[in-house]
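Structure record follows, encoded as structure tokens.
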Amino acid sequence: MTLNPALARRLYWGCEKLQGRQDVAQRLRWLEETQHLSPQACRELQMRKLHALLSHAYESVPYYTRVFRERGLVPDDFNSLADLAKLPLLTRQELTANQAELISSRADRATLQTNYSSGSTGKRACFVQDADFRLWMRAHQLRTYRWCAGWKVGEPFALLWGSSIYWSLKSVSDQLKNLLSNRREFNTFRLSPELIGQFTRSLASFNPVLISTYTNAMHLIARQMEREAVKVPALRAIQGTSEPLPPIIRERLQKVFGCEVYDKYGSRETNIVAHESPCHDGMLIQVENVAEEFLRDDGAACQPGETGRVVLTTLNNFAMPLIRYETSDLAAPLSGHCASGLGLPRMSHVAGRQQDLIVTPDGAYVDAYLFSFLIMRFEEIEWFQVVQDSLDSLRIRLMAPAGISRQRCDAIVERIHHHTGYPFRIEFEPFDRMPESPTGKFRLCVSALSDIGTRHPVNP
Numbered sequence: 002m003t004l005n006p007a008l009a010r011r012l013y014w015g016c017e018k019l020q021g022r023q024d025v026a027q028r029l030r031w032l033e034e035t036q037h038l039s040p041q042a043c044r045e046l047q048m049r050k051l052h053a054l055l056s057h058a059y060e061s062v063p064y065y066t067r068v069f070r071e072r073g074l075v076p077d078d079f080n081s082l083a084d085l086a087k088l089p090l091l092t093r094q095e096l097t098a099n100q101a102e103l104i105s106s107r108a109d110r111a112t113l114q115t116n117y118s119s120g121s122t123g124k125r126a127c128f129v130q131d132a133d134f135r136l137w138m139r140a141h142q143l144r145t146y147r148w149c150a151g152w153k154v155g156e157p158f159a160l161l162w163g164s165s166i167y168w169s170l171k172s173v174s175d176q177l178k179n180l181l182s183n184r185r186e187f188n189t190f191r192l193s194p195e196l197i198g199q200f201t202r203s204l205a206s207f208n209p210v211l212i213s214t215y216t217n218a219m220h221l222i223a224r225q226m227e228r229e230a231v232k233v234p235a236l237r238a239i240q241g242t243s244e245p246l247p248p249i250i251r252e253r254l255q256k257v258f259g260c261e262v263y264d265k266y267g268s269r270e271t272n273i274v275a276h277e278s279p280c281h282d283g284m285l286i287q288v289e290n291v292a293e294e295f296l297r298d299d300g301a302a303c304q305p306g307e308t309g310r311v312v313l314t315t316l317n318n319f320a321m322p323l324i325r326y327e328t329s330d331l332a333a334p335l336s337g338h339c340a341s342g343l344g345l346p347r348m349s350h351v352a353g354r355q356q357d358l359i360v361t362p363d364g365a366y367v368d369a370y371l372f373s374f375l376i377m378r379f380e381e382i383e384w385f386q387v388v389q390d391s392l393d394s395l396r397i398r399l400m401a402p403a404g405i406s407r408q409r410c411d412a413i414v415e416r417i418h419h420h421t422g423y424p425f426r427i428e429f430e431p432f433d434r435m436p437e438s439p440t441g442k443f444r445l446c447v448s449a450l451s452d453i454g455t456r457h458p459v460n461p
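Per the working numbering, the very first residue in the sequence shown carries number 2; after that it's consecutive.
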């Protein structure tokens, strides 16, 4: 049963006020104003926030006070995003080694909440975020939900999420607010056939307008719904998050559900970085939340359309500012502006992580999406993951509940050899159900090579 959306909307904001989060509505209104600023005004706003953060870090964060002084810098030396190159990159190793020094002396320690990176790069980092950051996080989430086919607070909404940290923080009041605001949450931490069937029935019964979900979880549910001819007639949009959204999976979701599909890019360290524009014209960078850089391997800035490493500076976490934080993600800045008229700058969809690239013995890199294109064309395959254990070998983990023939496997091998240009030794590892993951999400490709010929631990 769902409530009238207008009533659910009033109840949602009433619950937010009772939980001390009444500022979220005001911040959301501000974000919905700033997105309509001109492109130049958006950049000016971002620079004002960046300068305020740099000044704060210089004055109150021991790590950055030391870094600035060692380089003879003061906040007034930073007048553009390009000037951030005067500061060193912050890696996960540096974040871990300098935990105490990265916390501001002005931080309200009573409001600090410890969080952790997902560990999907093989290196898990710990960091803290204050109450103000969490309010901005909620406002940004609501803005991007509204970009998804015009969803509004109070309309039926479903969240499919697999983080054990997220579920451990759920309070009774949060659960009550969900019921009163037409919001349902499903724990996709483990995806057994039984749970997939249960989610299928629950989503059909609830009939949400918007689903925000791990991409793999929604793809498996879509396959089940397609087999059972189950419909979700009210569904207007699916928001894929936390995992790659390959074109072939986007197309399948659009086909099964007949709705819009949007991509969201963010992390636990930064909150939302970019979100697909309302008219699907690139990913719009959240300049009110992050300052972004795209870097070549030599540290130089990428040109528009050139893929490089994504480096981010958080603009709303004054308790523990992360300045020039290495994400390991790969994407490209884009020129021009969104056809919807929003003034936010654009970037490409994330192409994967450095650790997601498969490398051939001659040094050529193969994008994870190539394997999605080659493997997911076969209807019997519901999930896959490519693991590179050595330079000349690949292990392909497949979930094909009905089984997969030797001929089909041979066809996959032939395709991979042809498109990568190298005759990898290929081993298949079949599953009849989804394997478990510590984070509830999976990467398309996992390389056990940190550098040519050097192994590192493999994480899901």
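Quick reminder that beta carbons are idealized off the backbone N, C-alpha and C, glycines included. Quick caveat: nothing in here was measured; it's all calculated off a predicted structure.
For residue i, three-class secondary structure by DSSP
i: residue 433; result: coil
i: residue 47; result: helix
i: residue 276; result: strand
i: residue 414; result: helix
i: residue 188; result: strand
i: residue 284; result: strand
i: residue 59; result: helix
i: residue 246; result: coil
i: residue 12; result: helix
i: residue 17; result: helix
i: residue 174; result: helix
i: residue 114; result: strand
i: residue 95; result: helix
i: residue 326; result: strand
i: residue 374; result: helix
Same chain only: Cβ atoms within 7 Å of residue i, ignoring 5 sequence neighbours per side
i: residue 23; result: 17
i: residue 275; result: 266, 284, 285, 286, 287, 348
i: residue 248; result: none
i: residue 376; result: 382, 385, 413
i: residue 424; result: 418
i: residue 140; result: 25, 28, 29, 32
i: residue 379; result: 409
Residues sharing a beta bridge with residue i, DSSP
i: residue 79; result: According to DSSP, which records beta bridges pairwise, residue 79 is partnered with nothing at all.
i: residue 227; result: None, per the DSSP bridge assignment.
i: residue 360; result: 366
i: residue 131; result: Note: residue 131 sits in no beta bridge, so no partner.
i: residue 387; result: 397, 446
i: residue 160; result: 186, 213
i: residue 265; result: 242, 276
i: residue 315; result: 291
Residue i to residue j span [Cα, whole Å]
i: residue 406; j: residue 222; result: 24 Å
i: residue 462; j: residue 334; result: The structure shown does not extend to residue 462, since the chain is modelled only from 2 to 461, so the question has no answer here.
i: residue 399; j: residue 268; result: 27 Å
i: residue 11; j: residue 328; result: 38 Å
i: residue 1; j: residue 53; result: Residue 1 is absent from the model: the chain starts at 2 and stops at 461.
i: residue 282; j: residue 145; result: 14 Å
i: residue 39; j: residue 47; result: 12 Å
i: residue 429; j: residue 316; result: 45 Å
i: residue 20; j: residue 176; result: 13 Å
i: residue 3; j: residue 233; result: 14 Å
i: residue 290; j: residue 319; result: 12 Å
i: residue 201; j: residue 151; result: 24 Å
Close beta carbons around residue i, own chain, < 6 Å, minus the five adjacent residues each side
i: residue 149; result: 211, 238, 240, 263
i: residue 194; result: 434
i: residue 307; result: 333
i: residue 309; result: 295, 296, 297, 303
Cβ-based neighbour list, residue i, same chain, cut-off 8 Å, excluding 5 preceding and 5 following
i: residue 256; result: none
i: residue 426; result: 393, 394, 395
Neighbour flag for residue i against chain B, beta carbons, 8 Å
i: residue 142; result: Looking at the structure shown, chain B is missing, and only one protein chain is on hand.
Is the region 400-417 in contact with the region 348-355, if contact means three or more CB pairs nearer than 8 Å?
-> The region 400-417, when compared against the region 348-355, does not touch it at the 8 Å Cβ threshold.
Below 8 Å, can you find three or more Cβ-Cβ pairs linking the region 329-346 to the region 32-49?
-> yes
Do the region 179-189 and the region 147-158 touch if we need at least three Cβ pairs shorter than 8 Å?
-> yes
Is the region 294-303 touching the region 77-86 in the sense that three or more CB pairs, one from each, lie closer than 8 Å?
-> yes
Report yes or no: do the region 87-104 and the region 53-73 share at least 3 C-beta pairs separated by less than 8 Å?
-> yes
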